[in-house]
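Enquirer: Protein sequences, first through last, are from chains A, B, C and D.
Residue numbers for the first sequence, in this note's numbering: 1 to 395.
Residue numbers for the second sequence, in this note's numbering: 1001 to 1395.
Residue numbers for the third sequence, in this note's numbering: 2001 to 2395.
Residue numbers for the fourth sequence, in this note's numbering: 3001 to 3395.
Ideal Cβ positions, reconstructed from N, Cα and C, are used throughout, including at glycine.
Since the structure is predicted, the reported quantities are computational estimates derived from the model, not experimental observations.
There are 4 protein chains.
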Amino acid sequence: LFDLEKIAASSTMHGNVAIPLIRELTRMVAESSPGADAYVHWGATSQDIVDSGLVLQLRDVLDLTRNSLANLSGVLAGIVREHASTVMAGRTWLQHATPTTFGLKIAGALDALLRHEERLAEMTPRVLVLQFGGAAGTLASLGEGGEDVASALAEQLKLQLPDVPWHSQRDRLVEVGGFYAGLTSTIGKLVSDFALLMQTEIAELAEPHGKERGGSSTMPHKRNPVLTAAILSEAVRVPGLHSTLLTAAMVQQHERGLTGWQTEWATLPELCVTAHGVLEAAGTLAAQITVDTEAIGANLGRTRGFLLAESVSMELARVLGRAEAHALVQRVLQAAEARSVDLATALRADAEVAGYLSGPDIDRLMDPGNYLGSTAAMVRRVLQRYDAREHLGGR
Amino acid sequence: LFDLEKIAASSTMHGNVAIPLIRELTRMVAESSPGADAYVHWGATSQDIVDSGLVLQLRDVLDLTRNSLANLSGVLAGIVREHASTVMAGRTWLQHATPTTFGLKIAGALDALLRHEERLAEMTPRVLVLQFGGAAGTLASLGEGGEDVASALAEQLKLQLPDVPWHSQRDRLVEVGGFYAGLTSTIGKLVSDFALLMQTEIAELAEPHGKERGGSSTMPHKRNPVLTAAILSEAVRVPGLHSTLLTAAMVQQHERGLTGWQTEWATLPELCVTAHGVLEAAGTLAAQITVDTEAIGANLGRTRGFLLAESVSMELARVLGRAEAHALVQRVLQAAEARSVDLATALRADAEVAGYLSGPDIDRLMDPGNYLGSTAAMVRRVLQRYDAREHLGGR
Amino acid sequence: LFDLEKIAASSTMHGNVAIPLIRELTRMVAESSPGADAYVHWGATSQDIVDSGLVLQLRDVLDLTRNSLANLSGVLAGIVREHASTVMAGRTWLQHATPTTFGLKIAGALDALLRHEERLAEMTPRVLVLQFGGAAGTLASLGEGGEDVASALAEQLKLQLPDVPWHSQRDRLVEVGGFYAGLTSTIGKLVSDFALLMQTEIAELAEPHGKERGGSSTMPHKRNPVLTAAILSEAVRVPGLHSTLLTAAMVQQHERGLTGWQTEWATLPELCVTAHGVLEAAGTLAAQITVDTEAIGANLGRTRGFLLAESVSMELARVLGRAEAHALVQRVLQAAEARSVDLATALRADAEVAGYLSGPDIDRLMDPGNYLGSTAAMVRRVLQRYDAREHLGGR
Amino acid sequence: LFDLEKIAASSTMHGNVAIPLIRELTRMVAESSPGADAYVHWGATSQDIVDSGLVLQLRDVLDLTRNSLANLSGVLAGIVREHASTVMAGRTWLQHATPTTFGLKIAGALDALLRHEERLAEMTPRVLVLQFGGAAGTLASLGEGGEDVASALAEQLKLQLPDVPWHSQRDRLVEVGGFYAGLTSTIGKLVSDFALLMQTEIAELAEPHGKERGGSSTMPHKRNPVLTAAILSEAVRVPGLHSTLLTAAMVQQHERGLTGWQTEWATLPELCVTAHGVLEAAGTLAAQITVDTEAIGANLGRTRGFLLAESVSMELARVLGRAEAHALVQRVLQAAEARSVDLATALRADAEVAGYLSGPDIDRLMDPGNYLGSTAAMVRRVLQRYDAREHLGGR
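Structure follows, in structure tokens:
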């Protein structure tokens, strides 16, 4: 309906886009309904128009995000189910620790995403509210009729009517930014782990490569994880944008501020679009990612069984106590290291150990699949929560 | 019970405070219950200890914050009631706009604080959860007994049991940081408005001054708003600390990270303490602040009635339409400015206006108290919500 | 020369814009110089292309900024000269303190801008360097010829040749971001003071208003300082963008990173353009701003002479010592406040004061223009530095 | 000399630490030199005291940093020399790319540190300036004597005398924060690469482990890189602190601000101490780090020669042109991958390749040490710059 470039050009003079828009609208109404044009914008101020428009856009983006979040959760739930028993090196401090499963690893991310779904559900009704207060937020120019007009407008736009205008109270918008910053950080953690597992020396995961995708301009062998890189590079932009909202847009002076409001115009849409893009791309990546279970198994053996040192130590602790058992196993590990043998061999060769553990005992303790503790129960609980929420129409 | 300096010194070597603490605890248990020392820390990893300790501290600080937030809301509700009819210049773009009331101004802040109370209530159960997962988050060293021990421990500490350990999923902590960043920003807006209203040329509000408080080291007449300054200067530190959590602490690698966790140690406690201090101080300031209704009234007259231009314009719009009325009033304003008279005088002197408005009409339109629109209804709604929540034991 | 949309679309697959660009270029070279196409991109990697292109753009923006910075400094130097003797209330803690001049106020900003000019001059040669290292930064594919090709390319592009490629060492770019963040913060302080001085109750400065500029959509009397608002609202976006560079783009892994580089693409150009726009707009605003010396004089009298309390106190201190004089003046101030008279009157009425100060003494001490200390010397020094730099061709 | 706790307690009332300090000092001077106490603090304001004290502390910390930076550069220069020829997999996008040397990798960091040394040298004289302006920055209370007293004080404190006071122009302090943020980011990149190279599956570097250092509370085999973790976890705190300076401390109102100054008190010292600690610890880590050249060699072979694909491709390009050669090598790589053989074998088996390359050609091309291009020259240039600066007393 509108000549957007003309409105944009004119907005520089007026300080916002509403004034030229209203002028155009008034002209159009005058043409179609002579007389009605006298009532265009009655009661409202520019910020009522711009803010309510923003809320309508937020309603759309939050809808999209709810769906994409459900999609990512669904893809991850699938991975959790498929790899609930895929034993993998658990890594702490970037070092092999004790075994875990790929399913449990992803269940941790799913668990966090289910919390983000909760936060989104709680936040949405707080955010989707009308802005309509007039010049100083009192609806003065509508006299006695302010309440009725506000209600009718809220109903028309299918937005909630807030108790007071929020021209200079922007906590709702910061909550939106904070939600997306938290969500993209969770995705950043997930995909950052993917990236680490894609390293040449680890290679447990890979991004699929098509004819063109991920090639190098100069190295013929290169398969760059381009989608992984794109997600990680965009996710990290969200906190800086959110920081701008917090430091610059929350303190808007008096009834309507001199600054801050305009800061939102460039910041919040970019934040939402970037974060939602990261979410969508994460869904695509998770659905495409290939899992090399052979490499996972091979890497489990990299430490010559050392990552099961705790397994042996805790078994011995039943007899020796935790501290003494810890010390004994450390001694055996040093022997294994000195002689460049694996832990099982060193255990079998140790006289003191022989007093407590038989050969079959050692074999059992050295099987990573036997040292998973509550892994299955944990995975089950997360999946149950996922399924329950599905059942409730969460998706 | 513990020699904290010794533990602190030793923690450098070990990379965290838990290892030397556990050593001391084990020694103490060995003395008091020989044999039981073998079971100290069984199943746990250092991070289980440090994180669960953090959650216990968070429980305390969130409790304190709930009370202080209720206190600030209560003080503000009192101001809203007292000044529901204190007519004040509404200010937009740092310029006088149309009248409002001091009560409505504060009601905006109260409205935001009630939303922060909601957010706190929603967040609390998500955050107050046990951390207990062992080396790689599988509780492997407890074999079949992991679930039972975890449940018993959660019950003992009166914390919820999460579905999976959250060693490297830190969204709960970022939510805490985000809550406080939002809350302090709302307080920052409130107190920033106070500061603007305390300026020498405006002087509608003042911070009380005791014998010593707020004096200058060199200027005998000076009454510096020191508490206002302290609140504003501290509030702005919270977003930077929250930004550190978002950018540095959310991406912790694999099962337990190499970095990020330690970043939280210095950041999250400082964030909570700073933000809570800001909240408490805001409660004190709001309770002490003095309101100069005479100055408020005097300032209302500063624009020679220009801030009621809209009042006249909207009255004329009923006859002339919005655009034509706007133009007519602008012409009268220019005349008033050229002749340095007030708007009422210029309106009375204008022939065209005389066709629409009588002298008494102009008097009525020039009374700021007659141009408050829905102010009373808005204030009433916010206070009703405040009272309802009080009734529900919100405080 | 290029079909940018086609290249953009293709860049998603490849992870950067260089690969499709090179393909197009190769095709074009093959057409115009058959055989030469075999040598297109020889030795280079995609990042060499994108980074060197970025540096060429930075050269342009830094040039523009040098000019705009000189322009703003020039405008401010003009204000300093014009208002070197315009006595104005000095304000601390947002309260009247002691007199200053508008010239000295602006000289403080000019002084800071001259430092920013220094920083820009120091930074520029560090930043304007070629990127050319090939796949892993070794120029391996050029064999023995790497140095010669690199030198020739640097000469061609008129860029300095760095000692090593800087594919994953991005301190130069962060320095650019930091420069602009500092510069916009200085401008933010300047224009924030302007905004405070434009408040309805102070009104010492004003933004010019044209027929359309700064009007309100609903209030006929409104003159919103729209350029002031635009500058302040944009300036505050720069720190968040700079924070993204610091937290996300400085740690690029190994020889060329998986992430961070792409983060720069969206962040650094936006940062430069936003900051440069703020600088230009500040030059425009400073050149247009109107100074109401009458209002400045009237505001000086707002405290009934209290802002000269120090003047009296320091005069008395010559006889009584600083502490006793401070106490005496505070007593007189209380009397003045209690009786609602000005400080001069209260001083004349005080018996103890009469022992030290005559009526003419009091008159002299109560003239703000007599209590400016080193103001003139300070202003002179800053202008001398400005002029010296002009002489050296700084502009 | 002072009872710090008493001063601290009293500072809450006064809004800063200077007022109670001056009171104590005045009392002490009165005792030791009766009469002189009347002149204590004459001419100064609280901020003069606090800011000049800060600058004296900055002088100390910048001195320490200059030394620690020279120390780190020296340690890195040693590594560069020692490992100039240690051939290592060059990694881009976290994937093996083409060979580089460990020396060149570290030379990149050294090159950046030499730039940080330049920045520090340029910044220092700008920052080490006296603050002395009195109540509103005019030195009014010193009458005609302001300039002389200021000069004498600057000489006494061995600080430069600025052209104007900088009470509310804080660009110098933000420059300090920015310097440290850049420096710690460079260190963060260096140590982040160390951490990646310490991963269990890569293990090219290791942090030394003493009897206690880096042990786990539960896993006997664990050797956690605790110093690496500490550096990385602290380095990432600096940008958030710097962001607080930029967003909250740069805009201080009018002659001396209501806020912002106090924000610096908690932020800038923490920033400097944290960043300097990171620098010192990086010097310690770099001096201690162990390099496993055997692992480096083994990892070079992980891709079965694929990381030399470019070497072959560029050799063939001399005959076939870049594009055709790239395509041929990609075909051979696919064959190698399909048959699970190394690249050399696949090249020898390819009929088309045989037309261009002999067996010895292939052997030469498959030696990573033959594909280093300008590596040696680059390393030489950086070391020459390092040595030249040493010669000039840079250290």
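Under 8 angstroms, do D:L3245 and D:V3191 count as touching if we go by C-beta distance?
Expert: Contact flag unset, no.
Enquirer: Check the Cβ-Cβ distances between D:K3222 and every residue of chain A, and say whether any is below 8 angstroms.
Expert: True, the Cβ-Cβ gap to chain A drops below 8 angstroms.
Enquirer: I need the DSSP call for D:M3378, collapsed to helix, strand or coil.
Expert: DSSP places D:M3378 in helix when its eight states are reduced to three.
Enquirer: Counting along the chain, where does the beta strand (DSSP E) carrying C:R2091 start and finish?
Expert: Unbroken beta strand (DSSP E) run through C:R2091: 2087-2092.
Enquirer: If we require 3 or more residues per run, which beta strand (DSSP E) segments fall completely within the region 75-159 of chain A?
Expert: List check, beta strand (DSSP E) in window: 87-92, 95-101.
Enquirer: For the region 339-351 of chain A against the region 371-389 of chain A, are there 3 or more C-beta pairs whose distance is under 8 angstroms?
Expert: No: the two stretches stay apart, fewer than three of their Cβ pairs being nearer than 8 angstroms.
Enquirer: If you follow the alpha helix (DSSP H) that C:F2002 is in, where does it begin and where does it stop?
Expert: Where C:F2002 is concerned, there is no enclosing alpha helix (DSSP H), given that its DSSP letter is neither H nor E.
Enquirer: For B:T1247, which three-state DSSP category applies?
Expert: Three-state result, B:T1247: helix.
Enquirer: Could you check the C-alpha separation between A:V75 and A:E82 for me, to the nearest Å?
Expert: If you take the alpha carbons of A:V75 and A:E82, they lie about 11 angstroms apart.
Enquirer: Beta-carbon separation of C:A2266 and A:R237 under 8 angstroms?
Expert: It is a contact, given that the beta carbons lie within the stated cut-off.
Enquirer: Do A:S185 and B:V1174 have their beta-carbon atoms positioned less than 8 angstroms apart in this structure?
Expert: Closer than 8 angstroms, so yes.
Enquirer: So C:I2202 contacts chain B; which residues on that side make the cut at Cβ distance below 7 angstroms?
Expert: Chain B residues near C:I2202: E1201.
Enquirer: Starting from A:E315, trace the alpha helix (DSSP H) in both directions and tell me its first and last residue.
Expert: Here the alpha helix (DSSP H) through A:E315 covers 309-320.
Enquirer: Does A:M219 come within less than 8 angstroms of chain B when only Cβ atoms are used?
Expert: Answer no: the Cβ-Cβ gap between A:M219 and chain B never drops below 8 angstroms.
Enquirer: From B:Q1330 to B:A1097, what distance separates their C-alpha atoms?
Expert: Approximately 14 angstroms, taken between the alpha carbons.
Enquirer: Which residue comes first and which comes last in the alpha helix (DSSP H) that contains B:Q1253?
Expert: Here B:Q1253 belongs to no alpha helix (DSSP H), and DSSP marks it neither H nor E.
Enquirer: Please list, in chain order, the chain A residues whose beta carbon lies closer than 9 angstroms to that of C:V2236.
Expert: Ordered by position in chain A, the residues that pass the 9 angstroms Cβ test against C:V2236 are T244, T247, A248, A249, T259, G260, T263.
Enquirer: Of the choices D:L3333, D:G3373, D:L3320, whose alpha-carbon is the least far from that of D:G3355?
Expert: For the residues D:L3333, D:G3373, D:L3320, the minimum Cα distance to D:G3355 belongs to D:L3320.
Enquirer: Could you compute how far the alpha carbon of D:E3005 sits from the alpha carbon of D:T3012?
Expert: Approximately 12 angstroms between the Cα atoms of the pair.
Enquirer: In angstroms with no decimal places, state the Cα-to-Cα distance between B:G1133 and B:P1165.
Expert: Near 5 angstroms, if we compare the C-alpha coordinates of B:P1165 and B:G1133.
Enquirer: Quick one: Cα of D:V3312 to Cα of A:G297, how far?
Expert: Spanning the two alpha carbons is a distance of roughly 33 angstroms.
Enquirer: Rounded to the nearest angstrom, what separates D:L3142 and B:P1225 at their Cα positions?
Expert: Straight-line Cα distance between these residues: approximately 27 angstroms.
Enquirer: Looking at the C-beta of A:H254, does it have a partner C-beta in chain B at a distance below 8 angstroms?
Expert: Yes, A:H254 counts as interfacial toward chain B.
Enquirer: Looking at the strands, I want to know which residues DSSP matches up with C:L2205.
Expert: According to DSSP, C:L2205 bridges with C:V2291.
Enquirer: Note down the Cα distance separating D:H3276 from D:T3065, rounded to an integer number of angstroms.
Expert: Their backbone Cα atoms lie some 6 angstroms apart in a straight line.
Enquirer: Given 7 angstroms as the limit, tell me if B:G1321 has its C-beta closer than that to any heavy atom belonging to the ligand MN.
Expert: Annotation note on the ligand MN: not contained in the displayed structure, which lists no ligands.
Enquirer: Hey, D:A3077 and D:Y3386 are a contact pair by Cβ (cut 8 angstroms); roughly how many whole angstroms apart?
Expert: Rounded, the Cβ-Cβ distance is 5 angstroms, consistent with contact.
Enquirer: Just mark A:A336 as buried or exposed, buried being the case when its beta carbon has 16 or more other beta carbons within 10 Å.
Expert: So A:A336 counts as buried.
Enquirer: Is there at least one Cβ from chain B nearer than 8 angstroms to A:G394's Cβ?
Expert: Low confidence applies here, because A:G394 scores a pLDDT of 49, under 50, leaving its location unreliable and the question unanswered by this model.
Enquirer: According to DSSP, simplified to helix, strand and coil, what is A:W42?
Expert: A:W42: coil per DSSP, three-state reduction.
Enquirer: Determine the DSSP secondary structure at B:N1016, reduced to helix, strand or coil.
Expert: It is coil, neither helix nor strand.
Enquirer: Let me make sure I understand the geometry here. Which of A:A377, A:A327, A:S340, A:L308 has the alpha-carbon closest to that of B:A1038?
Expert: Here the closest residue by C-alpha is A:A327.
Enquirer: Could you list which residues in chain E have their beta carbon closer than 7 angstroms to that of A:F306, in chain order?
Expert: Of the chains in the structure shown, none is chain E; the protein chains are A, B, C and D.
Enquirer: Would you decide whether A:P368 is buried or exposed? Buried here means 16 or more other CB atoms lie within 10 Å of its CB.
Expert: A:P368 comes out buried.
Enquirer: Please report the distance separating the alpha-carbon of A:R395 from that of A:T124.
Expert: For A:R395, the predicted model reports a pLDDT of 44, less than 50, meaning its position is unreliable; a value from the coordinates is still stated below. The straight-line gap from Cα to Cα measures roughly 15 angstroms.
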